[in-house]
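Q: Chains as they are written, first to last, in my numbering: chain A, 622 to 1128; chain B, 4 to 337.
Glycine included, every Cβ here is placed at the ideal spot set by N, Cα and C.
Structure provided below as structure tokens; questions to follow.
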Amino acid sequence: MSEQAGTLLELTGITKRFPGVLALDDVDFELRHGEVHVLFGENGAGKSTLINVISGTFAQDKGRFVFRGEEVRHLTPHKARVMGISPVFQEFSLVPDMTVDENLFLGRERARFTLLNKRAMRATARQIIAELGFDLDPTRKVGTLSRAHQQMVEIAKALLTDVKLLILDEPTASLTEAETTKLFALIDKLRAQGVGIIYVSHRMGEIKQVADRITVLRDGRKIATVAADSVSDTELVELMAGRKIDVLFPRIDHRPGERLLDVRDLTLVSGAVREVSFHARAGEITGIAGLVGCGKSELVRAVFGLEPIAGGSVSLFDKEVSSFDPLAMLRAGVCYFPSDRVAEGLALARPIRENVSMAALDLPGFARGQVLRRTEERRAVQEIADRLKLRPAQIEPAVGRLSGGNRQKVVLGRGLSRDIRVFLFDEPTVGIDVGAKLEVYELMKVLLDLGAAIVLVSSELPEVLNLSNRVYVMHRSRMVAELTGADINEPAVLACFFREEPAAAAA
Amino acid sequence: MNDTTLRPAESSAGRSAAAFFVRYGLVIALVVMELGFAIVEPLVLSPGNLLNVLQQTTYIAVFAAAQMVVILTRGFDLSLGTCVSSVSVASALVMTSMVAADPGNLPSALAMGILTGLGLGVAVGLFNGFCISVLNVNAFVTTLGSFNICFGIATTISDGRPVFDVPKEFSELMYSGTILGVPAPVIIAVAVLAALHLLLNGTVFGRSLYIIGGNPRAATLAGLPSRRYLVLAYVLCSVLAAVGALMLTARTGSGEPNLGGNVTLQSIAAAVIGGVSLRGGVGSTYAAVLGAVFVTALSNCMGLARIDGYIQQIILGCVIIAAIFVDRLRTGAR
Chain A
622 MSEQAGTLLE
632 LTGITKRFPG
642 VLALDDVDFE
652 LRHGEVHVLF
662 GENGAGKSTL
672 INVISGTFAQ
682 DKGRFVFRGE
692 EVRHLTPHKA
702 RVMGISPVFQ
712 EFSLVPDMTV
722 DENLFLGRER
732 ARFTLLNKRA
742 MRATARQIIA
752 ELGFDLDPTR
762 KVGTLSRAHQ
772 QMVEIAKALL
782 TDVKLLILDE
792 PTASLTEAET
802 TKLFALIDKL
812 RAQGVGIIYV
822 SHRMGEIKQV
832 ADRITVLRDG
842 RKIATVAADS
852 VSDTELVELM
862 AGRKIDVLFP
872 RIDHRPGERL
882 LDVRDLTLVS
892 GAVREVSFHA
902 RAGEITGIAG
912 LVGCGKSELV
922 RAVFGLEPIA
932 GGSVSLFDKE
942 VSSFDPLAML
952 RAGVCYFPSD
962 RVAEGLALAR
972 PIRENVSMAA
982 LDLPGFARGQ
992 VLRRTEERRA
1002 VQEIADRLKL
1012 RPAQIEPAVG
1022 RLSGGNRQKV
1032 VLGRGLSRDI
1042 RVFLFDEPTV
1052 GIDVGAKLEV
1062 YELMKVLLDL
1072 GAAIVLVSSE
1082 LPEVLNLSNR
1092 VYVMHRSRMV
1102 AELTGADINE
1112 PAVLACFFRE
1122 EPAAAAA
Chain B
4 MNDTTLRPAE
14 SSAGRSAAAF
24 FVRYGLVIAL
34 VVMELGFAIV
44 EPLVLSPGNL
54 LNVLQQTTYI
64 AVFAAAQMVV
74 ILTRGFDLSL
84 GTCVSSVSVA
94 SALVMTSMVA
104 ADPGNLPSAL
114 AMGILTGLGL
124 GVAVGLFNGF
134 CISVLNVNAF
144 VTTLGSFNIC
154 FGIATTISDG
164 RPVFDVPKEF
174 SELMYSGTIL
184 GVPAPVIIAV
194 AVLAALHLLL
204 NGTVFGRSLY
214 IIGGNPRAAT
224 LAGLPSRRYL
234 VLAYVLCSVL
244 AAVGALMLTA
254 RTGSGEPNLG
264 GNVTLQSIAA
274 AVIGGVSLRG
284 GVGSTYAAVL
294 GAVFVTALSN
304 CMGLARIDGY
314 IQQIILGCVI
324 IAAIFVDRLR
334 TGAR
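Quick look at the structure:
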């Protein structure tokens, strides 16, 4: 086919905004016929927004979308499928109470004389499943299948139509080794037929195995598109984590004092954290680095009482913590700042004032018993807003009207509303602009000078490396290293990520 | 979510005009509606009729405020109407049987009747709140269930018939009586709504309801006792409904197993029309009252204009949907 070498999909200057976040910023992307093109990047880098734009779920705000040589406007998920764009998302779109073959033909049932032609559908379903080499019974109800099998149904469903472009979002996340091998064989087959495949994954090994080209996204921007055989794992991670030349990190004088937080052998019920020990001292920033999904976020969430703990101990100010819940931790002087501010941090419809004071309503400064002291509240919150340089410095507008940076300041303001000594920052600068980032860093500096202990969890390596006095590295639910002094550098951290890779692959 | 700061095309003048309509749109609509119907039927604007509308509003305002309390937390209460019925029947039964047993002791009969009604409200609210907050059953299913339970209680204890012979003194107390010329229902409604306003705006509990509705996970992270407050919200809702039920019982002079027929829909309609957001976290007593005035005035106008009752239902349905649409525009839902 002469098409083989040609361009299947060409995106130019794709921009997509969500409130307070620039999810995609002028992104170019090209997919050729018969190519497997991997999208690589941290959570929040814009990968899922991009595949949602390509599959018609979101409309881009700006940019050209050219599919098979024709510009496409007003794409909808249905239109995309008709054109041959089939996405397989991580969240399944299956009906649990229907059988496998019913799900496969959902929305495009075959009918003869208006009656459903069940036999024909079942036969086609069997044929497709056999072709894929999947071990699936078309008469089983989808709800009774394992996640891996549901994943297979999703893939089979995507392939049922005449696919020109297949999107696979972390397809191997729930597949076994053998099933993964089958999937890769299938990918090879589709590639040979000229199907373009967009493949989203965090797994280094498989990326190198399937990819023709890799596009790295970071903070909604396209960083680079590289040929898979010309790039090393380390280079890829560096591209993903990024060397921010546009952010100057402030100089921080660490003056480590007493241990305020001491975590020993912590294991979570979910298994996201296993036997992890670390401590944080007053007057220094303790960084926790790790790849997405390594458990670093769950670790600090558990300390704040948001994840059930299976074993281990947490001590604050030399006293062992007995009950883990946010109110007890706030009272003990610990505050957690979530990475996803819209989902967990803010009540967007409520005023800034209420969002700042909501973690301090048990204090006499804000309420006498149940009775709110609104004048004192207004004065205290205004003071915090001024300290954080909130712009504009009004405290009555709804938080939903603020930009990402200002929203983060509102969340951080909570830490100033009461006596907090231990600050747990979870990805504090995700989705905010450079100026606001600097202000967050400056705030950390101020907090340190006041004698606070700061725990900084971040996927942005330069941030952790430049700000921390000590850096812990987490990998696959475990703490694999503690770096201090001159050992805090990028190669040392990256080495930790790959050290165990071969052993795990062999297991 | 819509974010006006991200829309440079929208001028600040345009935004403030929009804000003006969001704030006063309903008042303007109300005035326009009254004037419009007045052309067809001048009686609409007669002092007697306006007073009549205000009197009727008192009941719906209390129910709308009750509904608003739980809508604030992203919930709603479908059982409100049948809760009203069961409170009406139960309190009437207690009063009539106590008076029958001991005619001399009227005050304690009235007191017991009122306490029974309020107590039943507490029980229904605890049940709803427990299922929703502790068992995590969603509000729709829970209150649909308690809708049936309350309906069953109301019809069983009354044998499906009205409970007559409610003491005249009860009706005087909560319906026909006046203080300084102000009718009792108005006094009760104003007192209850003012207390609710203070509770929502001046206490940690009230503030927490707004935050729980605005973002339940943020409320958890802020250390607020969300579960407890959520149960209390449903208790408050049902107790307010019970107050309204007692007022209605005093008006009809009997315990009515079908008293709350339309109340659920009316209360949700009034709250939403008034501007209480079904997405939670936005609303006020003022909004509930304004919505109640609008709903009452609308049906009053349509009645005077001799619009067929079934057509009225259609129009009310359309108004509710329009109000929800406006709410979505306002909160900028996607």
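Does the CB of B:Arg210 have a neighbour CB from chain A at under 8 Å?
A: It does: the Cβ of B:Arg210 has a partner Cβ on chain A nearer than 8 Å.
Q: Could you please give the first and the last residue of the uninterrupted beta strand (DSSP E) stretch that includes A:Phe899?
A: Looking at the DSSP string, the run of the beta strand (DSSP E) that includes A:Phe899 is 897-902.
Q: Cα separation between A:Ser760 and A:Ala777?
A: Note that residue 760 of chain A corresponds to Thr in the displayed sequence, not to Ser. Distance between the alpha carbons of A:Thr760 and A:Ala777 is about 14 Å.
Q: Evaluate A:Arg1091 with the Cβ neighbour count: other Cβ atoms within 10 Å of its Cβ, from every protein chain shown; 16 or more gives buried, anything less gives exposed.
A: Per the 10 Å Cβ criterion, buried.
Q: So is the beta-carbon of B:Gln59 under 7 Å away from any non-hydrogen atom of the ligand ADP?
A: This structure lacks the ligand ADP, and indeed carries no ligand of any kind.
Q: Going by other Cβ atoms of all chains shown within 10 Å of its Cβ, with 16 needed for buried, is A:Ile866 buried or exposed?
A: Any reading at A:Ile866 must be qualified, since the residue scores a pLDDT of 46, below 50, and its modelled position is unreliable; the value itself is stated next. The residue in question, A:Ile866, is exposed, as its Cβ has fewer than 16 Cβ neighbours within 10 Å.
Q: A:Pro871 and A:Glu1063: beta carbons closer than 8 Å?
A: Yes, Cβ-Cβ distance for A:Pro871 and A:Glu1063 is below 8 Å.
Q: Pairing CB atoms from the stretch 899-912 of chain A with CB atoms from the stretch 1068-1083 of chain A, are three or more of them under 8 Å?
A: Taking 8 Å as the limit for Cβ pairs, the verdict is that the stretch 1068-1083 of chain A does touch the stretch 899-912 of chain A.
Q: For A:Glu928, which residues in the same chain have their Cβ closer than 6 Å to its Cβ, ignoring the five residues on either side in sequence?
A: Closer than 6 Å at the Cβ level, and outside the excluded window around A:Glu928, lie Leu889, Glu919, Arg922.
Q: Could you work out which residue in A:Asp722, A:Val913, A:Asp883, A:Pro792 is closest to A:Leu1082 when comparing CA atoms only?
A: If we check each option's Cα against that of A:Leu1082, A:Val913 comes out closest.
Q: Count the other C-beta atoms from every protein chain shown that fall within 10 angstroms of the C-beta of B:Pro110, then say buried if there are 16 or more, exposed otherwise.
A: It is exposed - the Cβ of B:Pro110 has fewer than 16 other Cβ atoms within 10 Å.
Q: Using a Cβ cut-off of 9 Å, which residues of the stretch 977-1007 of chain A contact any Cβ in chain B, in chain order?
A: Flagged, chain order: Ser978, Met979, Ala980, Ala981, Leu982, Asp983, Phe987, Ala988, Gly990, Gln991, Val992, Leu993, Arg995.
Q: Candidates B:Ala274, B:Val296, B:Ile191, B:Val298: which alpha carbon is nearest B:Ser287's?
A: Residue B:Ala274 is the option with its Cα nearest to B:Ser287.
Q: Using a cut-off of 7 Å between C-beta atoms, extract the partners of A:Arg971 located in chain B.
A: The contacting residues are Tyr213, Ile214, Gly217, Gly284.
Q: Determine, for A:Gly966, whether the minimum Cβ-Cβ distance to residues of chain E falls below 8 Å.
A: Among the protein chains of the structure shown, namely A and B, there is no chain E.
Q: By the 8 Å beta-carbon criterion, what residues does the stretch 1026-1045 of chain A contribute toward chain B?
A: Answer set for the stretch 1026-1045 of chain A: Arg1035.
Q: Can at least three beta-carbon pairs, one atom from the stretch 217-234 of chain B and one from the stretch 161-180 of chain B, be found at a separation below 8 Å?
A: Touching, no.
Q: For B:Asn303, which residues of its own chain have a beta-carbon under 8 Å away from its beta-carbon, when the five flanking residues on both sides are left out?
A: Excluding residues within five positions, the ones whose Cβ falls inside 8 Å are Val47, Asn52, Asn55, Val56, Gln59.
Q: Cβ closer than 7 Å: which chain B residues qualify as neighbours of A:Pro959?
A: Under the 7 Å cutoff, chain B gives Leu224.
Q: So, is the C-beta of B:Ala221 closer than 8 Å to a C-beta in chain A?
A: Yes, contact with chain A.
Q: Between the beta-carbon of B:Ala272 and the beta-carbon of B:Ile323, is there less than 8 Å?
A: For B:Ala272 and B:Ile323, yes; Cβs fall inside 8 Å.
Q: I believe A:Ile835 touches A:Val674 by the beta-carbon criterion, under 8 Å. Please report the beta-carbon distance rounded to the nearest angstrom.
A: 19 Å between Cβ atoms; not a contact.
Q: With the cut-off set at 8 Å, would you say B:Met177 and B:Ile156 are in Cβ contact?
A: Cβ distance not < 8 Å, so B:Met177 and B:Ile156 don't count as in contact.
Q: Going along chain A, which residues have a C-beta under 7 Å from B:Val144?
A: Here the premise fails: no neighbours, minimum Cβ distance about 18 Å.
Q: Can you tell me whether A:Glu1063 is helix, strand or coil according to DSSP?
A: Helix at A:Glu1063.
Q: How long is the line joining the alpha carbons of B:Cys240 and B:Gly128, rounded to whole angstroms?
A: For B:Cys240 and B:Gly128, the distance between alpha carbons rounds to 7 Å.
Q: Can you check which of these residues, A:Asp722, A:Leu727, A:Lys785, is closest to A:Leu757 by C-alpha distance?
A: The shortest Cα separation from A:Leu757 among A:Asp722, A:Leu727, A:Lys785 belongs to A:Asp722.
Q: How would you call A:Tyr820, buried or exposed, if buried means at least 16 neighbouring beta carbons within 10 angstroms?
A: Under this definition A:Tyr820 is a buried residue.
Q: By DSSP's criteria, A:Ala1019 is part of a beta bridge. Which residues make up the other side?
A: According to DSSP, which records beta bridges pairwise, A:Ala1019 is partnered with A:Pro972.
Q: So what does DSSP say about A:Thr628, is it helix, strand or coil?
A: Note: A:Thr628 maps to strand in three-state DSSP.
Q: Starting from the Cα of A:Ile873, find the closest Cα among A:Leu984, A:Phe713, A:Ile706, A:Leu1059 and give me that residue.
A: Comparing Cα positions, the closest option is A:Leu1059.
Q: Return the bridge partner residues of A:Arg834 from the DSSP annotation.
A: Paired residue(s): A:His658, A:Ala848.
Q: Any idea what DSSP makes of A:Thr1050, helix, strand or coil?
A: DSSP places A:Thr1050 in coil when its eight states are reduced to three.
Q: Which residues bound the beta strand (DSSP E) around A:Ile1075?
A: Residues 1074-1078.
Q: Here's the rule I'm using: 16 or more other beta-carbon atoms within 10 Å means buried, otherwise exposed. How should B:Leu332 be labelled?
A: With fewer than 16 Cβ atoms within 10 Å of its Cβ, B:Leu332 is classed as exposed.
Q: For the alpha helix (DSSP H) containing B:Leu340, name the first residue and the last one.
A: Within the shown structure, residues of chain B are numbered from 4 to 337, placing residue 340 of chain B beyond reach of any answer.
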